[in-house]
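Numbering (our numbering), first residue to last: 575 to 732. Every residue gets a Cβ at the ideal spot worked out from N, C-alpha and C, and that includes glycine. To start, the structure itself, in structure tokens.
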């Protein structure tokens, strides 16, 4: 599955044998909407069996309760980061019941903006601040814009 990425990395390394681009750390962040069997955005809370959205280091929510974010730790091998991401996603898939992860960046079926559940992080001050911040983003840019899923590739140089 990752052979194309591995080929690209090998090609880059062969062109830059001085290794300035090697030895750094790679981290990945990938978002995906939870959807019901009908393809509509999930109206259910963040599943407790995935851990706390506020405290879990690798599985959290982004703008919406339905927008999961998978975060790998910084790893010295990009392929290891992809493997870690795959393991996180498999862990989640096994715990979603009849829900699925929407694979496209653009949102699934959304009846209207009010049907996009805002991420809730509990009653602590930090949890409330995260929710208030997201509410403001919805007012400023619209909720549909906030549930466009993305992927982030983070690289730190040695």
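Residue 729 has 600 as its beta-bridge partners, per DSSP. Counted as a single uninterrupted DSSP element, the stretch harbouring residue 618 is not any beta strand (DSSP E), since DSSP gives it neither H nor E. Contact annotation: residue 711 and residue 702 have beta-carbon atoms that are not nearer than 8 Å. Relative to residue 673, the option among 589, 615, 596 whose CA is nearest is 615. By the 16-neighbour rule on beta-carbons within 10 angstroms, residue 627 is buried. One alpha carbon belongs to residue 624, the other to residue 589, and they sit about 42 Å apart. When DSSP states are grouped into helix, strand and coil, residue 683 belongs to the strand group. With contacts defined as CB atoms closer than 8 Å, residue 605 and residue 656 fail to qualify as a contacting pair.
Rounded to whole angstroms, the separation of the alpha carbons of residue 587 and residue 671 is 42 Å. With contacts defined by Cβ atoms closer than 8 Å, residue 708 and residue 692 form a contacting pair.
Between residue 663 and residue 644 the beta-carbon gap is near 6 Å, inside 8 Å, which marks them as a contact. Residue state for residue 588 is assigned as helix, using DSSP reduced to three classes. Per the C-alpha coordinates, the member of 581, 601, 608 positioned closest to residue 679 is 608. As DSSP reads the structure, residue 635 sits in a beta bridge with 642.
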